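Protein chains: 2
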Amino acid sequence: MSVDLELAPKQKRAAGERCCEPVVYPDVQREQALRMAEVAKALGDPIRLQLVDVLRKHAGKVCVCELVPLFDISQPTLSHHLKKLRDAGIVDSERQGLWAYYYVIPDALRELSAWLS
Amino acid sequence: MSVDLELAPKQKRAAGERCCEPVVYPDVQREQALRMAEVAKALGDPIRLQLVDVLRKHAGKVCVCELVPLFDISQPTLSHHLKKLRDAGIVDSERQGLWAYYYVIPDALRELSAWLS
DNA sequence: CTATTACATAGACATGCGTCAGTGTTATTG
DNA sequence: CAATAACACTGACGCATGTCTATGTAATAG
Chain G
71 MSVDLELAPK QKRAAGERCC EPVVYPDVQR EQALRMAEVA KALGDPIRLQ
121 LVDVLRKHAG KVCVCELVPL FDISQPTLSH HLKKLRDAGI VDSERQGLWA
171 YYYVIPDALR ELSAWLS
Chain W
71 MSVDLELAPK QKRAAGERCC EPVVYPDVQR EQALRMAEVA KALGDPIRLQ
121 LVDVLRKHAG KVCVCELVPL FDISQPTLSH HLKKLRDAGI VDSERQGLWA
171 YYYVIPDALR ELSAWLS
């Protein structure tokens, strides 16, 4: 999988000349880069990465009240991180009475994972 | 691969009682989360992600002068992004005369990639 | 209804980020 | 030497981020 940027032919040039001609490249696949970067950015915080790890390990849905004591941050801060993960399309939640259960959206990490391997 | 956080037993409790006891968890593997989050954060920008993509596709080393025309940003901004990738341990560079050649460090993405799959 | 519990939202604060114009550094050409 | 080219660094700017305290909302207990 790639993001498809065309590259100018690679060759040395003597100084005193222009190094490279400007390259026109199709911005095909740029949306893919945007999507993957958004997911990567959401994973770019240790707490959020550990949150995703916990949610993935516990295949079912996990109550927020079980997540709070795992980290040295306040409950609102954790709520904020969960929202970031929701906005990135990585997790989703369900309310049941007073509790909120979070889970990883299947295949949410697939595109990035495939690109990385 | 996981980050190894212990989770409290998952069970509903009647309201009016504490939901969960605080959980003590070993911060084993927390360094791993820090490392992976650092890499993910560096990939969390579309331009940097595309830079890594270009460098990975062209297995050899790529001259900065070939990268500049691929993006709609100034040369100093691109230099800044390359520095971020260097700081994250994803790429490295070599100077040869006037030119600087960048390349992806082998296995720099392996840990994150393995965790994601 | 009142109190309590679980969770989210609001606002504030310091810090970090992405970008640019400008400048510096190093190497090559003439 | 002076001029030029490739690249990095500096400082500035607006905006986003991570964190907190305080408050809001919805549901349950009594």
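Sequences listed follow chains G and W, in order.
Everything in the first sequence is counted per the working numbering, starting at 71 for the first residue and increasing by one.
Everything in the second sequence is counted per the working numbering, starting at 71 for the first residue and increasing by one.
All C-beta atoms in this analysis are idealised placements derived from N, C-alpha and C, irrespective of residue type, glycine included.
None of these values were measured; they are calculated from a predicted model.
Among the options, which one has its Cα closest to the Cα of residue i?
i       : options                               : result
E108(W) : D157(W), L186(W) and S163(W)          : D157(W)
I117(G) : E164(G), Y173(G), V138(G) and G159(G) : V138(G)
A112(G) : K131(G), Y172(G), Y173(G) and L155(G) : L155(G)
W169(W) : D177(W), H128(W) and C133(W)          : C133(W)
L152(G) : Q99(G), Y172(G) and K131(G)           : Y172(G)
Q120(G) : D177(W), G167(W) and A110(W)          : A110(W)
Measure the alpha-carbon distance for residue i versus residue j and round it to whole angstroms.
i       : j       : result
E135(W) : W185(G) : According to the sequence as given, residue 135(W) is Cys; it is not Glu. Roughly 25 Å separates the two Cα atoms.
V122(G) : A103(W) : 11 Å
F141(G) : I175(G) : 22 Å
H128(G) : S163(G) : 14 Å
S144(G) : R165(W) : 47 Å
H150(W) : R126(W) : 19 Å
D115(W) : P146(G) : 26 Å
S183(G) : G130(W) : 23 Å
V124(G) : D177(W) : 25 Å
S187(W) : S187(G) : 9 Å
Does DSSP put residue i in a helix, a strand or coil?
i       : result
A178(W) : coil
D162(W) : strand
A184(W) : helix
A170(W) : strand
Are the C-beta of residue i and some C-beta of chain W separated by less than 9 Å?
i       : result
E164(G) : no
G114(G) : yes
K111(G) : yes
L186(G) : yes
Q221(G) : Here chain G covers residues 71 to 187 and nothing more, so residue 221(G) does not appear.
D177(G) : no
S183(G) : yes
L152(G) : no
L119(G) : yes
L104(G) : yes
Assuming residue i and residue j make a contact with CB atoms under 8 Å, what is their CB distance in whole Å?
i       : j       : result
L179(G) : I160(G) : 7 Å
R100(W) : E181(W) : Actually they are not in contact, since the Cβ atoms of R100(W) and E181(W) sit about 14 Å apart, beyond 8 Å.
Determine whether the Cβ of residue i lies closer than 9 Å to any Cβ atom of chain G.
i       : result
R156(W) : no
A129(W) : no
A170(W) : no
V174(W) : no
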